[in-house]
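Since the structure comes first, as structure tokens, the remarks are kept for the end.
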Amino acid sequence: MKNCLVVDDSSVIRKVARRILEDLSFTITEAEDGEQALRACNEQMPDAILLDWNMPVMDGIEFLGRLRELRGGDAPKVVFCTTENDVGHIAKAIRAGANEYIMKPFDREIVEAKFQEVGLI
1 MKNCLVVDDS
11 SVIRKVARRI
21 LEDLSFTITE
31 AEDGEQALRA
41 CNEQMPDAIL
51 LDWNMPVMDG
61 IEFLGRLREL
71 RGGDAPKVVF
81 CTTENDVGHI
91 AKAIRAGANE
101 YIMKPFDREI
111 VEAKFQEVGL
121 I
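Each residue of the sequence shown is one higher than the last, beginning at 1 in the UniProt record's numbering.
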């Protein structure tokens, strides 16, 4: 079973993502911000990370840069999940090391399709 870290400051988004990903046979770990997420990755590097952009403490872009510097941090597939939909934001996320990008609000079909595209399902 694959492990997915869901990083979002909204408990509602984390709950929705957990339900979708558990249905897709993932084990879920949650974090409220990038700092918590880095600690989680240091304890156990996940197979996948569903990552919010705008969070307190450490945002998604800063987290992603720090993740990719960690030993084994190049391995997780990172899917950015945000309300920011302009091309500049998407390009910045991909340059920072994201594998895919989905818009909020999302549903099971979108998450499943993106996770298939990056080879997690």
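Quick reminder that beta carbons are idealized off the backbone N, C-alpha and C, glycines included.
Tell me which residues share the same chain as Tyr101 and place their Cβ nearer than 6 angstroms to its Cβ, disregarding the 5 neighbours each side in the sequence.
Residue mapping note: residue 101 aligns to position 101 of the sequence shown, counting from 1. Sequence-distant partners of Tyr101 (beyond 5 residues in either direction) whose C-beta falls short of 6 angstroms from its own C-beta, in its chain, are Phe80, Ile90 and Ala93.
Give the C-beta separation of Glu35 and Met58 to the nearest angstrom, bearing in mind that I take them to be a contact with Cβ-Cβ under 8 angstroms.
Residue 35 sits at position 35 when you count from the first residue of the sequence shown. Residue 58 sits at position 58 when you count from the first residue of the sequence shown. Contact flag correct, Cβ pair sits at about 5 angstroms.
Since Asp23 is in the alpha helix (DSSP H), which residue starts that stretch and which ends it?
Translated into positions along the sequence shown, residue 23 becomes position 23. Annotation: the continuous alpha helix (DSSP H) that includes Asp23 extends over Ser11 to Asp23.
Looking at C-beta atoms only, is the number of pairs between the segment 37-45 and the segment 14-27 that lie closer than 8 angstroms three or more?
Flag = no, the segment 37-45 and the segment 14-27 do not touch.
Report the three-state DSSP secondary structure of Ala48 (helix, strand or coil).
Your numbering for residue 48 matches position 48 in the sequence shown. Three-state DSSP puts Ala48 in a strand.
Closest by CA to Val12, which one among Ala48, Lys114, Pro105 and Asp86?
Reading the sequence shown from its first residue, position 12 is the one you call residue 12. Out of Ala48, Lys114, Pro105 and Asp86, Pro105 has the C-alpha closest to the C-alpha of Val12.
Return the CA-CA distance between Lys5 and Val87, expressed in angstroms with no decimal places.
The residue you call residue 5 lines up with position 5 of the sequence shown. The residue you call residue 87 lines up with position 87 of the sequence shown. Before going further, note that residue 5 is Leu rather than Lys in the sequence given. The alpha-carbon separation between Leu5 and Val87 amounts to approximately 25 angstroms.
Output the distance between the C-alpha atoms of Ile61 and Glu84, rounded to the nearest integer angstrom.
To locate residue 61, count along the sequence shown from 1; it is residue 61. To locate residue 84, count along the sequence shown from 1; it is residue 84. Each residue's alpha carbon lies about 13 angstroms from the other.
Going by beta-carbon coordinates alone, are Pro76 and Ile49 separated by less than 9 angstroms?
Position 76 of the sequence shown holds residue 76. Position 49 of the sequence shown holds residue 49. The answer is yes: Cβ separation under 9 angstroms.
For Lys114, which residues does DSSP report across the bridge?
Indexing the sequence shown from 1 puts residue 114 at position 114. Assignment of beta-bridge partners to Lys114 by DSSP yields no partner.
Backbone secondary structure at Ala31 - three-state DSSP:
Start at 1 with the first residue of the sequence shown, and residue 31 comes out as number 31. In this structure, Ala31 counts as strand in the three-state DSSP scheme.
Hey, how far is the Cα of Asp52 from the Cα of Arg71?
As a working mapping, residue 52 is identified with position 52 in the sequence shown. As a working mapping, residue 71 is identified with position 71 in the sequence shown. The alpha-carbon of Asp52 is positioned some 22 angstroms away from that of Arg71.
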